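Colleague:
2 protein chains.
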Amino acid sequence: MNVSLMAIEGLPEFGPGADIAALVTEGATRAGVPIQRGDIVVVTQKIVSKVEGQLVRLADVAPSPFSTAWGAAHHCDPRLIELVLRESRRIVRMDRGLLITETHHGLVCANSGVDVSNVEGGEVAAILPKDPDASARRIRDAIVARVGHDVAVVISDTFGRPWREGLVNVAIGAAGLAPLQSYVDARDPRGFALKSTVQALADEVAAASGLIARKLNRVPAVIVRGVSYDSANKAGGGAKDLIRPPERDLFR
Amino acid sequence: MNVSLMAIEGLPEFGPGADIAALVTEGATRAGVPIQRGDIVVVTQKIVSKVEGQLVRLADVAPSPFSTAWGAAHHCDPRLIELVLRESRRIVRMDRGLLITETHHGLVCANSGVDVSNVEGGEVAAILPKDPDASARRIRDAIVARVGHDVAVVISDTFGRPWREGLVNVAIGAAGLAPLQSYVDARDPRGFALKSTVQALADEVAAASGLIARKLNRVPAVIVRGVSYDSANKAGGGAKDLIRPPERDLFR
């Protein structure tokens with residue numbers, strides 16, 4: 001049993017309107033790691049946002065008095081605060097200069113996933129894709145059309161966690177694989193029933209990709225090969241299945 | 253850039269007192285994947301607990317009136333509740349039949365990490381190792397003594413997360429690598445300063461190992477090869493560095 005993670009190196013800059021599927025498929029072949037049947041292609045949220053034009057010039061954001069006051073109190077750019085609030089449907093925590101929000105997608109993360117690093121001059125913010133699962137489906141369908149066989153696509157983003165230091169990659173979009181792998185009715189080798197073991201497979205794939213797609217290495221796409229998964233694209237599914245419904249959540 | 257995850261298959265059952273380093277080193281060679289310089293060996297908490305005798309017969313646990321009442325209200329074994337409380341220093345959430353606790357190590361997880369699956373007959377509970385970083389150091393030192401070169405060891409456990417469905421593996425013990433990789437002073441290719449990007453490398457390694465070490469596959473050890481890391485064993489460090497100090501935590 002063997003899983004390989006391969007960086008697709010040498011990819012160009014991704015600008016608005018770029019064809020991610022074409023660039024990644026051709027880039028993988030050129031890099032000597034052509035996409036194979038069953039591969040999971042992980043692409044970073046950053047390139048998806050850029051390609052989809054999910055970029056906001058901070059100069060175009062007019063901060064409210066609330067954002068201005070919070071920014072002044074915590075030495076943050078009030079235009080960025082305003083944008084973070086605009087991208088959220090609820091504030092989960094607003095404390096000690098940190099802003100943990102629930103995005104319109106239902107993702108709970110710092111600053112609504114708004115990211116000002118690695119974008120032109122620091123004055124342009126990348127916001128999350130409007131519908132990351134739809135983005136993943138589009139990229140997947142276009143890759144499948146090119147390579148002629150089944151693949152899965154995961155869109156990764158880098159999130160913090162409560163209780164633990166450091167960031168890990170999680171899946172904010174997915175297509176072609178069931179993001180949750182359930183062992184609810186399985187039995188372990190001793191015959192003892194496992195009650196409710198549900199593995200967040202897509203999140204583990206995203207986290208694994210973080211082992212090579214380091215920020216500074218400019219590796220926006222990684223191939224994960226050898227993972228067995230349910231290719232559950234017919235079921236709809238998607239990474240939204242990884243979002244715990246509020247009524248089941250003890251920490252909202 | 254390439255990372256490989258290799259299951260060490262064919263390992264025997266690990267009983268109390270077993271020599272993990274010997275079994276894993278020899279098992280890897282026998283499985284055709286001898287441990288190489290710089291490899292990260294991930295072993296599951298379950299085998300470490302078993303080898304260290306961290307097993308409790310539920311018949312030996314006398315539940316308090318509090319545990320008995322909670323167990324009755326939520327259809328849980330009151331002896332298990334009692335054990336979970338004994339293994340915790342604080343209850344973080346106790347709601348809807350779920351018990352999220354802070355263990356004596358400072359780990360926040362469900363049921364203090366107490367696990368009744370996959371252990372003799374379901375009547376024996378495995379509790380976490382007393383000091384998982386010390387366990388990781390012992391295993392690492394013994395592997396290094398056998399193979400004659402540097403390796404790192406991560407002890408993984410399977411945790412839930414707030415806000416997200418499904419379980420992922422995290423690192424509860426580590427030796428031979430800095431569990432956090434910091435980009436605090438690094439600059440991205442455009443010269444824009446990254447303010448505080450700290451990657452939870454050991455957690456990403458643990459999560460990646462989950463892609464092959466599925467519960468039912470009985471793969472208690474995985475080799476992760478090709479990850480660049482700081483071999484910071486001199487600094488002490490360990491997976492306890494991944495635990496966010498309460499004063500910096502918005503969710504305790």
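These protein sequence lines map, in sequence, to chains A and B.
So in my numbering, spot 205 of the first sequence is number 205, and the numbers just go up one at a time.
So in my numbering, spot 199 of the second sequence is number 451, and the numbers just go up one at a time.
Just so you know, even glycine gets a beta-carbon here, dropped at the ideal spot from N, CA and C.
All values reported here derive from a predicted model rather than from experimental measurement.
Quick one: is A:Ser-67 near chain B, going by C-beta distance under 7 Å?
Modeller: no
Colleague: Could you pull the start and end residues of the beta strand (DSSP E) that B:Leu-453 belongs to?
Modeller: It is not in any beta strand (DSSP E) - B:Leu-453 instead sits in the alpha helix (DSSP H) that spans 453 to 461.
Colleague: For B:Glu-304, which of B:Arg-504, B:Phe-503, B:Arg-331, B:Phe-266 has the nearest alpha-carbon?
Modeller: B:Phe-266
Colleague: From this set, A:Glu-26, A:Leu-5, A:Asp-249, A:Lys-46, which residue's C-alpha is nearest A:Ala-145's C-alpha?
Modeller: A:Glu-26
Colleague: Can you name the residues of chain B whose CB is closer than 8 Å to the CB of A:Asp-203?
Modeller: Arg-416, Gly-418, Val-420, Ala-459
Colleague: If distances are taken between C-alpha atoms only, which option among B:Ser-408, B:Ala-394, B:Asp-409 comes closest to B:Asp-402?
Modeller: B:Ala-394
Colleague: Do you know how far the Cα of B:Ser-483 is from the Cα of B:Ala-473?
Modeller: 20 Å
Colleague: Output the distance between the C-alpha atoms of A:Leu-250 and B:Leu-419, rounded to the nearest integer angstrom.
Modeller: 16 Å
Colleague: To the nearest angstrom, how far is the alpha carbon of A:Leu-85 from that of A:Val-116?
Modeller: 15 Å
Colleague: Please name the residue, chosen from A:Ala-202, A:Phe-159, A:Met-1, A:Val-24, that lies closest to A:Ile-100 on a Cα-to-Cα basis.
Modeller: A:Phe-159
Colleague: Should the segment 173 to 185 of chain A be regarded as contacting the segment 131 to 139 of chain A, the criterion being three or more beta carbon pairs within less than 8 Å?
Modeller: The answer is yes - the segment 131 to 139 of chain A touches the segment 173 to 185 of chain A, with three or more Cβ pairs under 8 Å.
Colleague: How about B:Arg-496: is its C-beta nearer than 7 Å to some C-beta of chain A?
Modeller: Yes, contact with chain A.
Colleague: Below 9 Å on C-beta distance, what does A:Glu-9 contact in chain B?
Modeller: Met-253
Colleague: Tell me the rounded alpha-carbon separation between A:Tyr-229 and A:Arg-164.
Modeller: One C-alpha to the other measures close to 28 Å.
Colleague: Please name the residue, chosen from A:Pro-129, A:Asp-157, A:Gly-97, A:Gln-54, that lies closest to A:Cys-109 on a Cα-to-Cα basis.
Modeller: A:Asp-157
Colleague: So, helix, strand or coil for A:Arg-137, using DSSP?
Modeller: helix
Colleague: How many angstroms separate the CA atom of B:Pro-441 from the CA atom of A:Arg-218?
Modeller: Per-residue confidence for B:Pro-441 stands at a pLDDT of 49, beneath the threshold of 50, marking its modelled position as unreliable; the derived number appears in the next sentence. Cα to Cα, B:Pro-441 sits roughly 8 Å from A:Arg-218.
Colleague: Any beta carbon of chain B sitting closer than 7 Å to that of A:Val-227?
Modeller: yes
Colleague: In terms of alpha-carbon separation, which member of B:Gly-489, B:Arg-477, B:Leu-494 lies closest to B:Arg-289?
Modeller: The candidate whose alpha carbon is nearest that of B:Arg-289 is B:Arg-477.
Colleague: Which value, in whole angstroms, describes the spacing of the CA atoms of A:Val-61 and B:Met-253?
Modeller: 40 Å
Colleague: Let me check understanding here. Comparing Cα to Cα, which of B:Ser-434, B:Ala-321, B:Val-479 lies closest to B:Val-293?
Modeller: B:Val-479
Colleague: Quick check on the burial criterion: 16 or more other C-beta atoms within 10 angstroms. Buried or exposed for B:Lys-382?
Modeller: exposed
Colleague: Check B:Ala-409 in the structure and name its three-state DSSP category.
Modeller: Note that residue 409 of chain B corresponds to Asp in the displayed sequence, not to Ala. B:Asp-409 carries a strand assignment under DSSP once its states are collapsed to helix, strand and coil.
Colleague: How would you write the range of the beta strand (DSSP E) that B:Val-308 sits in, first residue to last?
Modeller: 307 to 309
Colleague: Please determine, among A:Leu-211, A:Ala-202, A:Leu-201, A:Glu-204, the residue with the shortest C-alpha to C-alpha distance to B:Gln-451.
Modeller: A:Leu-211
Colleague: Counting only C-beta atoms, is B:Asp-437 closer than 7 Å to chain A at any point?
Modeller: Summary for B:Asp-437: the model assigns pLDDT 44, below 50, so the residue's position carries little reliability; its value from the coordinates is reported in the next sentence. Not closer than 7 Å to any Cβ of chain A, the Cβ of B:Asp-437 fails to qualify, so no.
Colleague: Helix, strand or coil, according to DSSP, for B:Val-474 in the structure here?
Modeller: Strand.
Colleague: Per DSSP, B:Val-295 is paired with what?
Modeller: B:Ile-407, B:Ala-473
Colleague: Could you check the C-alpha separation between B:Pro-497 and A:Asp-19 for me, to the nearest Å?
Modeller: 44 Å
Colleague: CB A:Ala-152 to CB A:Asp-203, shorter than 7 Å?
Modeller: Inclusion of A:Ala-152 and A:Asp-203 in the CB contact set at 7 Å is not warranted, their separation being larger than that value.
Colleague: Under 7 Å between C-beta atoms, does A:Gln-199 make it to chain B?
Modeller: yes
Colleague: Run through DSSP, which three-state label would A:Asp-185 get?
Modeller: Annotation note: pLDDT 44 at A:Asp-185 (below 50); position unreliable, coordinate value reported separately. In this structure, A:Asp-185 counts as coil in the three-state DSSP scheme.
Colleague: Tell me whether B:Asp-347 is buried or exposed, calling it buried when 16 or more other Cβ atoms sit within 10 Å of its Cβ.
Modeller: Residue burial is scored here from C-beta neighbours: B:Asp-347 has fewer than 16 other C-beta atoms within 10 angstroms and is therefore classed as exposed.
Colleague: Could you work out which residues of chain B lie near A:Asp-241, taking near to mean beta carbons separated by less than 9 Å?
Modeller: The answer, in chain order, is Glu-417, Gly-418.
Colleague: Would the beta-carbon of A:Arg-89 fall within 7 Å of that of A:Glu-102?
Modeller: Cβ distance < 7 Å, so A:Arg-89 and A:Glu-102 count as in contact.
Colleague: By how many angstroms is the C-alpha of B:Thr-296 removed from the C-alpha of B:Pro-330?
Modeller: Spanning the two alpha carbons is a distance of roughly 27 Å.
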